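J.:
Chains as they are written, first to last, in the numbering used here: chain A, 1 to 229; chain B, 1 to 734.
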C-alpha cells in the first residue's frame, strides 16, 4: 500500500493525516511538496486539510494551480485514486477533478463540531468498498466553506449517477444534522469514475485512541484497503 | 516632522511620557533626542514594555521550582515535563486593539502569543483565551463578541493550532473596555530552548518574515493609555494579522532552529523593531547597529521613526551563526519569506540606526532598559466589603426557577456558540477540548497529557483583591486537578485600571500578593506573564481581572476523566464539605447577582491548605480509578456543577439536600476547595478520604434516567437544562 500526501504552504492537517495513514497501513506515506511536479507511483494521493495559500483568492484556487496538482491530475487521468479532505476537497473542485463548488457556511461562521454521516448508495468505487450503504459514521467537521453548492441539474445527475458518497444525518435531535447548509446534505462526493473522492469531515480526527470516535479509522481503513486491492 | 526636528516636552507628552521622564531622557542622553530616539524611549518606557508600575510587585511572585527551566523575562516561560521535554507557555493581552477593531485586535493577539512561544524553539500545541465583554444587553456587545471570536478563530484555525479552552464573562464594567487575553502552549526539547540575548559582536542580525508597513505605529503606547470617546479614531494604530504568513514563519523558524543556525531570536511584538533590537542587545550586554534602508518595507518613504515603531505582524529578528547564513537563507526562500541581513551585533552597548546614509539614532542601551523608570506608586485599599448572610440574599423562588435563571444567565450559559468557531481538534492530539474542566492535549507520540486552563473571578477580586488573587490560582488548580493532572506552573495576565489611582494600585498590590501566596502554597510558580493597565474608559475602571493560565501534567492521558456522568448506580460525593453543611456562602456569588440582584459583599475565603489537600485527593481518586467523573465547584455553586455533570453525561443524578438550613445557600453557595465526584466504589472512596483526613459528604447517586432530581422536587430533564443552557448566546447573536 503506497500513498502520498500533498503539502502546500498553509496545509495544517498533513501531519494528522500522515499519522492516521501510518497507523492503519504500517507504512509512512510519501510527503510531496507543492513545488514538485513528479509523483512516484502510488495507490492513492491524499490532499489534506488546512488553509493552502491562506485561502487567498478562493479556497483551494491557488493550490489547484501548483505543479504538484498537475501530477495529481495526471495520476487521476490514469485512473489513480485521490482523496481530498476539507481544503483538499476544495482544491479538487478548483482543479475540476470533481464537479460543483463549496461556498461559505450558511451560518457565516467557522464550524467545528461532531457530525454523523451516512454512506450512500454509489457507483462502484474502491474508496467505500468495505462500507455498506447506510453505514453511519461519526466524524467531526472544521471549516468555513463547506457548503456544497451546485445547480439542480448537477445535483440531480450526481444523485442519479451514484456520485453522492456521504450525507449528513441526525446526530443530536436538538440540532440540525447539516452543519453548513450544504445542498441536499451532501458531505462528500465521487468523480464519475468512482476513483476521486472529496469530503468535508476529517476522518483523521476520529481514530479512537483518545478521539471521541473511531469511525474515521473505519472509514480510512476502507479507503486504503480498497485502493490497495 | 523630520527626524532632525528638535523635540520638546510637548512631543514627549503626546507619546505618553511624563515631564519627569522627559527630564530623565535629557539627562541620560546629555542632549535633546530626535524624533526616532524619542519614539524609542517612549515605547520602551511605556507601561506595556517597562512594567514600571507593577515591577515592584511582580518581583514578589514565586518564580522558582524544580520544574522551572526559564522563569519570567524571556519571550515565554519554560517548564520541565520530563523525558527531555519542556512546556513553553505565556498569556498576553490585546485589550485596547480588540475594542477598536475586534477581529484584527483578537487575531493579532493570537498571532503575537504564538510567536512568543515558537521563538523559544517550541512547536505550539494549544491555544486558550480569557475574554471579558460588557453587559450582554449592551448595544456593542454582540458586535465585539462576534468580532473577537471570529478573530481568534481566524488566526488559530488557519495557522493550525487547536484552541482548546478559555473563559468568557460579561459585566457592565467592560462596556467600554473589553479584555482579550490569549495564551499559547508549546512543546520543545528541554535542551533545545532558544533565547533572545544577542551573542558575538560582529555576528549578522537578520530580519525575517513579513514586510514592515505603517500599521500599529506606537501601539504599545496606545495600550498604555486610558480610553476616551476619541479612541476609536485610532483604528489605524491597530495591527493587521496574516495567519498564513504566521504559519510560514513558524515552520521556517522551527526548521531553521532544527538546522542549528540560530544563536538568538526575538519576535517583533509590541514596539516592533525597537523592543526586539533593544532587548536582544541589552540582554547580551552588547550593542546593535542596523541600517534601516535594508529593512524590507511595503510602503514607500517610511521614516526611521515609522520603521522602528511599526507593529506590523509576523516578523522576527535573529542573530545567526555567520557560517550558516546560506542554509538559513535557503530555508526562508523555500517558505517564500523575506530574509534580510540588516545589521550586526556590536560591543558598544549602544543602539545605532542608519537611514539614508546618516545616523538616525545613536543612544546608549542601558537607560532604555536598566534605567527605565520604576515606580513605587502609592496605594490605598478600599474598606473590605461586609459579609452578607444567606438571610440577606435568599429569595423565595422555587429551586427549578432559580436553576433556569442561573443556567441561562450570561456568565453560566453554554459557550458552545463561541467555541464551535474555534478548531479545537487540529493536530489530532486533543483529548478533551472546550466546554469542560481544563482541556487536555496529548504530548504527540507519548502517553503523557498536558492539562491547560485559564481562570479568574473578577467580582471576587474587586470585592477583596487579596482573596480574589488567591482564588484565581485555586480555581485553575481545581480545574487542572479535576482532570487528574498535576498542576505545574502558571502564567498570569494582570488586567487593571489606572495605577496612578490609589484604589486601583491597591487592587494590583492585593491581587498580586494573594496570587503569589497561592502559587507558593500550591507549588505552581509564575513563569511568564503580562500586565495590562489603564483599562478605563472616560475614568471608569474595569472589574480587576488578574487571569491565571495554568498547565499540569498527567503521565497517562488514558487515565483522565471528564465531568459527564458515565454510569447509573454510582455514589455522588462533595469533597471539601461535611455532612453538617446546610448552608453556603452566597455573598458575591452568581446567585447574589442574578437572583438577589445584589453585587458585592465579601467573597468566600480561600483556604490554601484545603485546596492543596483536596486537589491531591481528587488526583489520587482519578489515578486509582475510583472516580469516574469529577467536576470542581465554582461559579454558581454545587447545583450548577451537578447540572453540568448531567448535561455532559450519559445518565442522571438524584441528590438529597440537608434536612434543615437554607436550600438556596446549600445549592448555590460558592464555598471554595470543593469538587463533586461520581465514584465506582463508595467504600474505597470513603477509605481514601479517611486516609487523607478530608471531609466528603455523600449527596446522592447517579441514575439511569438522564435527569436531575433534588430531594422531593420534580425531576428536571437533561434536555430542558440543555435548552436553558445553550440558548442565550445564540439568541443574542441571532
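Where a beta carbon is used, it is the ideal one built from N, C-alpha and C, also for glycine.
On a predicted model such as this, the values are computed, not experimentally measured, just so you know.
Given a cut-off of 8 Å on the beta-carbon distance, is the pair residue 303 of chain B and residue 288 of chain B in contact?
T.: No, the Cβ-Cβ distance between residue 303 of chain B and residue 288 of chain B is not below 8 Å.
J.: Would you list, in chain order, the members of the stretch 194-205 of chain A that have their beta-carbon closer than 8 Å to a beta-carbon of chain B?
T.: Cβ contacts with chain B: 202, 204, 205.
J.: Would you say residue 51 of chain A faces chain B, with C-beta separation under 8 Å as the test?
T.: Yes, residue 51 of chain A lies at the interface with chain B (some Cβ there is under 8 Å from its Cβ).
J.: Residue 734 of chain B to residue 433 of chain B, Cα distance in whole Å?
T.: If I take the Cα positions, the gap works out to 25 Å.
J.: Whole angstroms is fine: what's the gap from residue 617 of chain B's alpha carbon to residue 441 of chain B's?
T.: Roughly 23 Å separates the two Cα atoms.
J.: What does residue 339 of chain B reach in chain A if we use C-beta pairs closer than 8 Å?
T.: The premise fails here: residue 339 of chain B is roughly 16 Å from chain A at the closest Cβ pair, so nothing lies under 8 Å.
J.: Could you tell me the alpha carbon to alpha carbon distance between residue 422 of chain B and residue 157 of chain B, rounded to whole angstroms?
T.: Taking the straight line from one Cα to the other gives about 6 Å.
J.: Extract the residue ranges of the beta strand (DSSP E) inside the stretch 187-212 of chain B, only unbroken runs of 3 or more that lie entirely within it.
T.: Within the stretch 187-212 of chain B, the complete beta strand (DSSP E) runs of at least 3 residues are 204-209.
J.: Within a Cβ cutoff of 8 Å, which residues of the same chain sit near residue 400 of chain B, ignoring the five residues on either side of it in sequence?
T.: Only 713, 714, 716 meet the Cβ criterion.
J.: Any beta carbon from chain A within less than 8 Å of residue 636 of chain B's own beta carbon?
T.: No - not a single Cβ of chain A is within 8 Å of the one on residue 636 of chain B.
J.: Would you say residue 179 of chain A and residue 141 of chain A are within 8 Å of each other, going by their C-beta atoms?
T.: In contact: residue 179 of chain A and residue 141 of chain A (Cβ atoms closer than 8 Å).
J.: Could you give the distance in angstroms between the alpha-carbon of residue 86 of chain B and the alpha-carbon of residue 204 of chain A?
T.: Each residue's alpha carbon lies about 27 Å from the other.
J.: List, in chain order, every chain B residue whose beta-carbon is nearer than 9 Å to that of residue 9 of chain A.
T.: The answer, in chain order, is 244, 247, 248, 251, 335, 336.
J.: Thinking just about the alpha-carbon of each residue, which of B:731, B:492, B:724 is nearest to the one in residue 62 of chain B?
T.: Taking only the C-alpha atoms, the option nearest residue 62 of chain B is B:492.
J.: Would you check if the distance between the CB atom of residue 512 of chain B and the CB atom of residue 449 of chain B is smaller than 8 Å?
T.: Result no, Cβ atoms of residue 512 of chain B and residue 449 of chain B do not sit closer than 8 Å.
J.: Going by beta carbon distance, what residues of the same chain come within less than 6 Å of residue 685 of chain B, once the five residues before and after it are set aside?
T.: For residue 685 of chain B, where only same-chain residues beyond five positions count, the Cβ hits under 6 Å are 626, 679.
J.: By the DSSP assignment, the beta strand (DSSP E) with residue 33 of chain A in it spans what residues?
T.: Counting along the chain, the beta strand (DSSP E) containing residue 33 of chain A begins and ends at 30-33.
J.: Is the shortest distance between the beta-carbon of residue 312 of chain B and the beta-carbons of chain A less than 8 Å?
T.: No, its Cβ sits nowhere closer than 8 Å to a Cβ of chain A.
J.: The stretch 419-430 of chain B: which residues have C-beta closer than 7 Å to a C-beta of chain A, in chain order?
T.: Listed by position along the chain: 420, 421, 422, 423, 424, 425, 426, 427, 428.
J.: Using alpha carbons as the reference points, say which of B:55, B:78, B:176 lies closest to residue 490 of chain B.
T.: Minimum Cα distance to residue 490 of chain B is reached at B:78.
J.: Taking 8 Å as the cut-off, decide whether the C-beta atoms of residue 50 of chain A and residue 10 of chain A are in contact.
T.: Closer than 8 Å, so yes.
J.: How should residue 397 of chain B be labelled, buried or exposed, when 16 other C-beta atoms within 10 angstroms of its C-beta is the threshold for buried?
T.: By the neighbour-count rule (16 or more Cβ atoms within 10 Å), residue 397 of chain B is not buried but exposed.
J.: Would you mind working out which of B:480, B:360, B:435 sits nearest residue 453 of chain B, comparing C-alpha positions?
T.: Taking only the C-alpha atoms, the option nearest residue 453 of chain B is B:480.
J.: In its own chain, which residues sit with a C-beta less than 6 Å from the C-beta of residue 106 of chain B, not counting the 5 before and 5 after it?
T.: Within the same chain, residue 106 of chain B has close Cβ partners 98, 148, 151, 152, 180.
J.: Under 8 Å between the Cβ atoms of residue 57 of chain B and residue 509 of chain B?
T.: Going by C-beta atoms, residue 57 of chain B is nearer than 8 Å to residue 509 of chain B.
J.: Does residue 157 of chain B have its Cβ less than 8 Å from a Cβ in chain A?
T.: Yes, residue 157 of chain B lies at the interface with chain A (some Cβ there is under 8 Å from its Cβ).
J.: With a cut-off of 8 Å, do at least 3 Cβ pairs link the stretch 200-216 of chain B to the stretch 573-591 of chain B?
T.: The stretch 200-216 of chain B, when compared against the stretch 573-591 of chain B, does not touch it at the 8 Å Cβ threshold.
J.: So, is the C-beta of residue 722 of chain B closer than 8 Å to a C-beta in chain A?
T.: True, the Cβ-Cβ gap to chain A drops below 8 Å.
J.: At which residues does the beta strand (DSSP E) containing residue 114 of chain A begin and terminate?
T.: Element bounds for residue 114 of chain A: 111-119.
J.: Using a Cβ-Cβ cutoff of 8 Å, what residues of the stretch 549-566 of chain B are near chain A? List them in chain order.
T.: Those would be 557, 558, in chain order.
J.: Against chain A, does residue 442 of chain B count as a neighbour if the rule is that its beta carbon must be under 8 Å from one of theirs?
T.: Yes, residue 442 of chain B counts as interfacial toward chain A.
J.: In the DSSP assignment, find the unbroken beta strand (DSSP E) run with residue 441 of chain B in it and report its ends.
T.: Its beta strand (DSSP E) spans residues 439-442.
J.: Report the CB separation of residue 16 of chain B from residue 112 of chain B in whole angstroms; it is logged as a contact under 8 Å.
T.: With a Cβ gap of about 20 Å, residue 16 of chain B and residue 112 of chain B do not count as contacting.
J.: Would you kindly report the start and end of the unbroken beta strand (DSSP E) that includes residue 696 of chain B?
T.: Residues 696-703.
J.: With DSSP collapsed to three states, give me the class of residue 56 of chain A.
T.: In the structure shown, residue 56 of chain A sits in coil (DSSP, three-state: anything other than H, G, I, E or B).
J.: Using Cβ-Cβ distances below 9 Å, what residues of the stretch 704-720 of chain B are close to chain A?
T.: Within the stretch 704-720 of chain B, the qualifying residues are 719.
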